[in-house]
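Quick note on this note's numbering: the sequence shown kicks off at 2 and runs consecutively. Okay, so here's the structure we're looking at.
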Amino acid sequence: MPANTPIHDAAQRGYTSASDNYQRGRPEYPDALTGWLGEALGVRAGARVVDLGAGTGKFTKLLARTGATVTAVEPVDAMRARLSESLPDVRALAGTAEAIPLADGDADVLVCAQAFHWFANAQALREMHRVLRAGGRLGLIWNVRDESRDWVAEITDIVTPYEGDAPRFYKGTWKQPFEGQTLFGPLQRTVFPHSHVGSFEQVVLDRILSVSFIASLPESEQAVVADRLRALKDRYAELREPTIAFPYATEAWLAERLVTA
Numbered sequence: 002m003p004a005n006t007p008i009h010d011a012a013q014r015g016y017t018s019a020s021d022n023y024q025r026g027r028p029e030y031p032d033a034l035t036g037w038l039g040e041a042l043g044v045r046a047g048a049r050v051v052d053l054g055a056g057t058g059k060f061t062k063l064l065a066r067t068g069a070t071v072t073a074v075e076p077v078d079a080m081r082a083r084l085s086e087s088l089p090d091v092r093a094l095a096g097t098a099e100a101i102p103l104a105d106g107d108a109d110v111l112v113c114a115q116a117f118h119w120f121a122n123a124q125a126l127r128e129m130h131r132v133l134r135a136g137g138r139l140g141l142i143w144n145v146r147d148e149s150r151d152w153v154a155e156i157t158d159i160v161t162p163y164e165g166d167a168p169r170f171y172k173g174t175w176k177q178p179f180e181g182q183t184l185f186g187p188l189q190r191t192v193f194p195h196s197h198v199g200s201f202e203q204v205v206l207d208r209i210l211s212v213s214f215i216a217s218l219p220e221s222e223q224a225v226v227a228d229r230l231r232a233l234k235d236r237y238a239e240l241r242e243p244t245i246a247f248p249y250a251t252e253a254w255l256a257e258r259l260v261t262a
C-alpha cells in the first residue's frame, strides 16, 4: 500500500464519534504486562518509545509510568485531542502507520495496542523498521474477549454481523505482512489473563458501543444493538450485579527489528 493509505472508514468515523465511549468503556491492561514491557521489550526509564495508533492514550499512560520518553502517534483528531488532554506531558503527533512523522532510528521500542490489525500491511512494516533502531523491539498488544463464557459469546454474536470489511484481530490476517519478510524476526506470543471490572453500562455497553463499526452506525441502529445487549441481563444473573468482571486474555506479541532490510 502507498504511504498515503487512508484510514479505514469505520475507524475514522467510529473513533471520531465514540472517543467518549472509548475512554470509558475500553479496559485497561493487566499489571503483569508491565513486567513484560520492561523485560521483553525494554520499556524503561531512558528508552525512546513510540505508541503507534495511540487512540485516547489508554496504553500510552501505562508506557509513561515506566519513565520512558514516549511519543504517541494517532491519526484521528478527536482521539489525539483526548490523549493530549489526559497526558499533557506526552508528545502527541498526527500520523499514520504508513507515514510515521519521526526520523530514522528514532525509537528503541515501538508498540501498537489494540491497533495493528488496522494497518497490517507491508508499507507500515517498512515504516516501523525505519523508525526503530537496529535491534529495537516491536510490541503488538490486544485485549481479547474470552468467548468461553456463554454471555461473552452471545455479545460476539450480536456484534459480528455489523463488522463488514473492518479488520479484526480474530481473523488473523494481521500476521500476513510478517510472512516472507526480512525486516523483523519471528513473532513471539505471551498471554496474560485479564478482566475488566465495573458496571454493566461501562464494561458491556460503553465497551461495545466503542467498537469502530458499531460506533459508525446510525444512532437508531446503535440503539438496537444497545437494547440487544441489555436483554442479556434477563438471561444472565451475573450481568444484573452492580459490578461485573468481563473476562479477557491479553495477547502480547514481540518481534525484533533485524539489521538487514
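Ideal Cβ placement from N, Cα and C applies to all residues, glycine included.
Nearest-angstrom Cα separation, counted from D228 out to L259:
To locate residue 259, count along the sequence shown from 1; it is residue 258. To locate residue 228, count along the sequence shown from 1; it is residue 227. If I take the Cα positions, the gap works out to 49 Å.
Tell me the rounded alpha-carbon separation between R146 and E164.
Counted from its first residue, the sequence shown places residue 146 at position 145. Counted from its first residue, the sequence shown places residue 164 at position 163. C-alpha separation (whole angstroms): 16 Å.
When F117, G96, Q124, E155 are compared against L141, the one with the closest alpha-carbon:
By one-based count along the sequence shown, residue 141 stands at place 140. Out of F117, G96, Q124, E155, F117 has the C-alpha closest to the C-alpha of L141.
In this structure, how does DSSP classify P316 when only helix, strand and coil are distinguished?
Coverage of the chain is limited to positions 2 through 262, which leaves residue 316 absent and any answer about it impossible.
How is V153 classed by DSSP in three states: helix, strand or coil?
Mapped onto the sequence shown, residue 153 falls at position 152. Looking at V153 - three-state DSSP - the assignment turns out to be helix.
Are the CB atoms of V204 and H159 within a distance shorter than 8 Å?
Residue numbering aside, residue 159 sits at position 158 when the sequence shown is read from its first letter. Residue numbering aside, residue 204 sits at position 203 when the sequence shown is read from its first letter. It should be pointed out that residue 159 corresponds to Ile in this sequence rather than to His. Contact: no.
May I ask you to check if the CB of S149 is nearer than 7 Å to at least one heavy atom of the ligand SAH?
Of ligands this structure carries none, so the ligand SAH is not represented either.
Supposed contact pair V132 and A48 - C-beta distance, whole angstroms, cut 8 Å
As a position in the sequence shown, residue 48 is number 47, starting the count at 1. As a position in the sequence shown, residue 132 is number 131, starting the count at 1. 14 Å between Cβ atoms; not a contact.
If you draw a straight line from the alpha carbon of Q177 to that of A125, how long is it in whole angstroms?
For the purposes of this step, residue 177 is taken as residue 176 along the sequence shown, with counting starting at 1. For the purposes of this step, residue 125 is taken as residue 124 along the sequence shown, with counting starting at 1. Going from the Cα of Q177 to the Cα of A125 covers about 12 Å.
Status (buried if at least 16 other CB within 10 Å, exposed otherwise) for P28
The sequence position of residue 28 within the sequence shown is 27, counting from 1. Answer is buried; the Cβ neighbour count reaches 16.
Determine whether the beta carbon atoms of W152 and L233 lie at a separation below 8 Å.
Position 151 of the sequence shown holds residue 152. Position 232 of the sequence shown holds residue 233. Against a cut-off of 8 Å, the Cβ pair of L233 and W152 comes out as a contact.
Beta-carbon proximity check, T57 vs L38, cutoff 8 Å:
Start at 1 with the first residue of the sequence shown, and residue 57 comes out as number 56. Start at 1 with the first residue of the sequence shown, and residue 38 comes out as number 37. No.
Residues near R138 by beta carbon distance below 8 Å, same chain, minus five either side
For the purposes of this step, residue 138 is taken as residue 137 along the sequence shown, with counting starting at 1. Excluding positions up to five away in sequence, the list reads A41, L42, G43, D109, V110, L111, L255, A256, E257, R258.
Rounding to the nearest angstrom, what Cα-Cα distance links L210 and A224 in this structure?
Taking the first residue of the sequence shown as 1, we reach residue 210 at position 209. Taking the first residue of the sequence shown as 1, we reach residue 224 at position 223. Spanning the two alpha carbons is a distance of roughly 9 Å.
Buried or exposed: D78, going by 16 or more other Cβ atoms within 10 Å of its Cβ?
Within the sequence shown, residue 78 is the residue found at index 77, counting from 1. Its Cβ having fewer than 16 others within 10 Å, D78 is exposed.
Which class does D10 belong to by DSSP, given the choice of helix, strand or coil?
For the purposes of this step, residue 10 is taken as the residue at position 9 of the sequence shown. Confidence at D10 is low in this model, with a pLDDT of 49, below 50, so its placement is unreliable and the value that follows should be read with caution. It is helical.
Taking one C-beta from the region 66-82 and one from the region 233-242 each time, how about it: are there three or more such pairs within less than 8 Å?
no
E99 and E128: beta carbons closer than 8 Å?
As a working note, residue 99 is residue 98 in the sequence shown. As a working note, residue 128 is residue 127 in the sequence shown. In contact: E99 and E128 (Cβ atoms closer than 8 Å).
Status (buried if at least 16 other CB within 10 Å, exposed otherwise) for T183
Here residue 183 is taken as the residue at index 182 of the sequence shown, counted from 1. That one is exposed.
Going by DSSP in three states, I159 sits in which element: helix, strand or coil?
Here residue 159 refers to the residue found at position 158 of the sequence shown. The answer is helix: DSSP assigns I159 an H, G or I state.
Distance, A135 Cα to A262 Cα:
Mapped onto the sequence shown, residue 262 falls at position 261. Mapped onto the sequence shown, residue 135 falls at position 134. Residue confidence for A262 is low, a pLDDT of 48 falling below 50, so the modelled location carries little weight and cannot support an answer.
On the three-state DSSP scale, how would you describe S204?
For the purposes of this step, residue 204 is taken as residue 203 along the sequence shown, with counting starting at 1. The residue you asked about is not Ser; residue 204 is Val in the sequence shown. Of the three classes helix, strand and coil, the one that applies to V204 here is helix, per DSSP.
Quick check on the burial criterion: 16 or more other C-beta atoms within 10 angstroms. Buried or exposed for Q115?
One-based indexing of the sequence shown puts residue 115 at position 114. Per the 10 Å Cβ criterion, buried.
Going by DSSP, what residues sit across from L255 in a beta bridge?
In the sequence shown, the residue the question calls residue 255 occupies position 254. For L255, which the question treats as bridged, DSSP gives the partners G140, Q189.
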